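Read the structure below first, then the notes.
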Amino acid sequence: MIVDTHLHWPMSSDNSPQPLLDTLDATGIAAAVVSGLEVLFARTSATARHWNDRLMAFCDQEAARLIPLVTVHLSEGQSALDEAKRCLGTGRVGGFKLHPWLQGESLRLPATAELCGLAAQSGLPVMLHDGTPPYSLCSQIGLLAGEHPRTTFILGHSGLLQYWREAAAVGSSLDNVYLTLCGGHLWGMQRICQAVPTQRLLWGSDCLGPGNEEIIRYRLGLADLLGLDPASHQATMGGNARRLWSTWSQRVKP
Amino acid sequence: MTRVDGYCTIGLPGDEEPSPQDLLCRMDHCRVDRAVIAPPSRCLAWANDAGNDAVLSAAATHPDRLIPAVSVNPWRPDAAEAVIGCVRRGGRILVFDPAVQGFNPCEGEVDGILRGLRDAGLTVPVYVHTGQHSFGSPSQLALLARRFPQVKFIMGHAGATDYSTDVAGVCGLAGNVLVESSCARPPGFVQRAAAVGFHRAIMGSGHPYNDMDYEWSCMERLLPAEHRLAVLGGNLLGLLEGRP
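Chains as they are written, first to last, in the numbering used here: chain A, 1 to 254; chain B, 1001 to 1244.
What follows is the structure in C-alpha cells.
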C-alpha cells in the first residue's frame, strides 16, 4: 500500500477530488497526504482560512484516502494560531504544512513555538518544505525539532539535491524528525536510507496537480531503485505513513 | 543515432564513483555510445590535477567513447595556465562547480581563465553546475555568459531544483547558453527544453548520482520523437565540433 505523503493539489477548481483520485488510481497509490497550493501564497489568515476550508472539504469527500495538511501564516501571530486551533477543532486535519520559502516566513517567528505545541498536543505532525535557504534549511528545521521534542516534524524533501547530507544529519540525530524521499537524486536518497532509521522514512511525489502524473511515476520508479529490502521498502512507501497518521486511519474507519 | 551522455562522473581509486571501466560497462548496458566524464567533487575543489589526469587518461584510452571534462579551481594562482594545459592535452569541456569551488560566476574569478583560453586560440564549451543557492544560480551564469558571448556555456542541471523557473529567462537573455538535464528530472526538463528550444537541450544522466539506465529510459520516453536525435546526442556533438 503506497501513501504519497507529499502532494499538492489546487483548490481553486470545482473542488471535486475525482481528478486526484483518478491520478492516484492510475499510479497505484492508495492514499495521499494533501497540501493546497494557493494557500502557500495567501497573505492573510482570512485567505488561509478560505483555502484551508476548501482543502478540508475536498479531502472529506474521500476521507479514507485523502489526508489534509492545513497551512497558517506564522507572521500573522495570534491570527495564525487562531486559524490553527480552528482547523484542529474541526477534527478534519492530518497536520500542518509550512513552506517557509514560498510563504516568506522565518521559523524563528514567535508563533512558531506555539504552533509546535498545538501540533504536539494534537498528535499531528508538522511537514515543512526543506532544502532551500534562508528559511527552509534542514538544519533550521532540525533546530526547531530539537527545541520541540514532543512535536513530530517531517522534512518534505530530505534536503532536495543540495542538502541531502544535512537532512541525513538531522534525521540521524533527532528522533522526532521524519524524512520524505522526494526531490533528491538516487545517490543521496540511498545514503539517507542508510543513515536514518527506516521507521522514519516516507515517500512523496511533490505532484503539483493535474497533468503531473509523470513526476509521480518518475519518483515511484526511483523508489524501486533504492535497493531497500522488501520490509523496508514497504515501510517507506506506506507503512510508516499509516503509523504516523494512525489516528486518521482510525477516524475514517467506522 | 549517436547517444551521448552529457555528464557523468568517474572516481579515482578509493572513491565511491565508478572507474572508467565500470562506467563503460554501464554505458554498454544502457546503449550509450559516448559520455562526458568529469572528476568527482573533491577533485573539482582541491585535487584538480589528479582529477584531470584521471579523465584525460581514461579518454585517451577510450577516445571513441569518453569525452574528458576538466576543471581547475579558479582561485588557484595558476588556474589559467593549468586549464590551457589540460585543454592542450585533450580536454574537450571545461567544468566549473561554483558551490564546490567557492565562487560566484558573475564576480569575475573565471574571467582570466576564459580570456587565457581565447588568447591561446582555444575554444571549449564551459559547463557550469547550477542549482546551488548562493553560488551557482542560472542568473549568475547569465551574467558570465554575456561577458563572453563567443563562449558556449552549458547550464548543468538546468537550475534544478529551485531555479528551474529562471531557465527560460536566462536562455532568453544569453543566447550562448544551453541547458543540460542531469538532476532536472526528465518530466520537468522536457518542459523546459520546449520553452528554450530543443536545439539548446542536452541529455545528461548525472551518473552515478542518478541511475543512467533509468534516466535515459525516462528521457527517451518523454522526449518528442522529432527532438530525440538532437537532445540525446546531436546538440552536444555539434557543440564539440564547433557547429553554430
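Virtual Cβ for every residue (Gly too), placed ideally from N, Cα, C.
Fair warning: this is a prediction, and the values are worked out from it, not measured in the lab.
Query - Exposed unless 16 or more other CB atoms sit within 10 angstroms - verdict on A26(A) - result: exposed
Query - Spatial distance of L107(A) from E1220(B) (CA atoms) - result: 42 Å
Query - Minimum C-alpha distance to A1099(B) - residue among P1063(B), G1206(B), G1204(B), P1138(B) - result: Nearest of P1063(B), G1206(B), G1204(B), P1138(B) to A1099(B), Cα basis: P1138(B).
Query raised in the report: Which value, in whole angstroms, describes the spacing of the CA atoms of V219(A) and G1131(B)?
Result: Residue identity check: residue 219(A) is Arg in the sequence provided, not Val. The straight-line gap from Cα to Cα measures roughly 20 Å.
Query raised in the report: What does L179(A) touch in chain B if you count any residue whose Cβ is under 7 Å from its own?
Result: Chain B residues near L179(A): none, gap ~16 Å exceeds 7 Å.
Report task. Using the Cα positions of R1034(B) and D1213(B), report the straight-line distance between them to the nearest angstrom. Result -> 14 Å
Query raised in the report: How long is the line joining the alpha carbons of P254(A) and A1225(B), rounded to whole angstroms?
Result: Any reading at P254(A) must be qualified, since the residue scores a pLDDT of 40, below 50, and its modelled position is unreliable; the value itself is stated next. P254(A) and A1225(B) have their alpha carbons spaced roughly 51 Å apart.
Report task. Assign L208(A) to buried or exposed, taking buried as 16 or more other Cβ atoms, counted over all protein chains shown, within 10 Å of its Cβ. Result -> exposed
Report task. Identify which residue in L137(A), D22(A), S122(A), P100(A) has its Cα closest to the Cα of T285(A). Result -> With chain A running from 1 to 254 in the structure shown, residue 285(A) is simply not present.
Query raised in the report: Which value, in whole angstroms, describes the spacing of the CA atoms of L228(A) and F1103(B)?
Result: Spanning the two alpha carbons is a distance of roughly 38 Å.
**Report entry** R1118(B) versus A1080(B), R1200(B), L1143(B), residue with shortest Cα-Cα distance
**Finding:** A1080(B)
**Report entry** Residues bridged to A32(A) [DSSP beta-bridge criterion]
**Finding:** D4(A), L66(A)
Query raised in the report: Considering only residues of the same chain and omitting the five flanking positions on each side of H1029(B), which have a CB-CB separation below 7 Å?
Result: D1213
**Report entry** Simplified DSSP assignment, three categories, for V1179(B)
**Finding:** Three-state DSSP puts V1179(B) in a strand.
**Report entry** Through-space distance from E1109(B) to D1078(B), alpha-carbon basis
**Finding:** 12 Å
Query raised in the report: Mind pulling the chain A residues with CB within less than 8 Å of N1210(B)?
Result: H185, L186, W187
Query raised in the report: For V1124(B) versus F1153(B), is the C-beta spacing smaller than 8 Å?
Result: no
Query raised in the report: Hey, quick one: how far does the beta strand (DSSP E) through R1034(B) stretch, first residue to last?
Result: 1034–1038
Query raised in the report: How many Å lie between S1164(B) and P149(A) at the Cα?
Result: 35 Å
Requested in this report: Hey, could you find the ends of the alpha helix (DSSP H) K85(A) is sitting in?
Outcome: 78–90
Query - 8 Å Cβ cut-off: residues of chain B touching I215(A) - result: R1185, P1187, G1188
Query raised in the report: To which residues does DSSP link F41(A) through a beta bridge?
Result: DSSP, once it has assigned bridges, lists no residue as partnering F41(A).
Query raised in the report: What's the gap between the Cα of V39(A) and the Cα of V93(A)?
Result: 15 Å
Query raised in the report: Hey, how far is the Cα of A113(A) from the Cα of V1087(B)?
Result: 56 Å
Query raised in the report: Of all the options T152(A), L225(A), L102(A), which has the alpha carbon lying nearest to the alpha carbon of P134(A)?
Result: L102(A)
Query raised in the report: Among the residues of its own chain, which have a CB less than 8 Å from the CB of M11(A), if the five just before and after it don't count?
Result: G36, L37, E38, V39, W51, R54, L55, F58
Query - Interfacial residues, the stretch 116–133 of chain A to chain B, with Cβ spacing under 9 Å - result: Shown in chain order are the members of the stretch 116–133 of chain A whose Cβ falls below 9 Å from a Cβ of chain B: G131, T132, P133.
Query raised in the report: In whole angstroms, what separates the C-alpha of L1012(B) from that of F41(A)?
Result: Rounded to the nearest whole angstrom, the C-alpha separation of L1012(B) and F41(A) is 47 Å.
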